[in-house]
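The structure under discussion appears below in the form of structure tokens.
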Amino acid sequence: MKAKATTLRVIGGDMRGRKVRYNGDRSTRPMRDSVRESLFNLIGQRIKGAIVFDPFGGTGVLAIESISRGASRAVTMEQNRRTLEQIRQNVADLDLTDRISLTAGDAFRGLGALMHQAHAEEPDTPWVFLMCPPYEMFQSRIKDLNRMICFAAEAHPRGVLVAECDNFFDTAELTAAEWDVRKYGITQLAVTELSSVQLP
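So, in structure tokens, the structure goes:
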């Protein structure tokens, strides 16, 4: 069955109601509006002025929503070239090319350099880290995801991290930290301060 293109919408902030195009690629799982709203409610005012990391870019709507709600800038990675080009077009259409940086590649390999660069340029700016990979990665690549969490905490402990997973995943498998886990239907959001992550 051919993928069906559609549009998503920004649900809060200065760009509320603006459209974000989604090409319908089944390798990408758009976050439901209600979950996205809950995610940003959990972060609250901490999004204001923060650098947002979105290592699994997908539709790009999380980075765009972050800017709409007051983040200073967003750093996004996406491995699928076609999906990245769709994000790039959305960012250009919304005139956000100077606020959202896009990098093609595997987040498990390339994110570290981007985090070090951000910390070197703005050492006092807090981070918001949005770890929303394909759900199956919490089974197939949990060790890599936990290393990513630890790497972010080590690089810049001033910030908050949110992990999105499904209800089949036991959040006790996440690296040790003070996690606040909320359930929304089939989705779980696990939130922690980067400073609470126990480094190996």
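Our numbering applies: residue 2 is where the sequence shown begins, and numbers increase by one. We treat Cβ as the ideally placed atom computed from N, Cα and C, and that holds for glycine. Because the structure is a prediction, the values reported are computed rather than measured.
| query | result |
| --- | --- |
| Identified DSSP bridge partners for W128 | I52, G160 |
| Residue range of the beta strand (DSSP E) that includes E204 | Only positions 2 to 201 of the chain appear in this structure, which leaves residue 204 out of reach. |
| Residue from R70, I44, N81 whose Cα sits closest to the Cα of G58 | N81 |
| Status (buried if at least 16 other CB within 10 Å, exposed otherwise) for Q87 | buried |
| Supposed contact pair R19 and R10 - C-beta distance, whole angstroms, cut 8 Å | 7 Å |
| Beta-carbon contacts of E38 that lie in its chain and below 6 Å, excluding the five residues immediately before and after | I12 |
| Rounded Cβ spacing between D145 and F109 (contact assumed at less than 8 Å) | 5 Å |
| For V192 and E79, the rounded distance between their alpha carbons | 22 Å |
| Counted within 10 angstroms of its Cβ, other Cβ atoms place A75 as buried (16 or more) or exposed | buried |
| Spatial neighbours of C151 in its chain, beta-carbon cut-off 7 Å, leaving aside the 5 residues before and after | T176, V198, L200, P201 |
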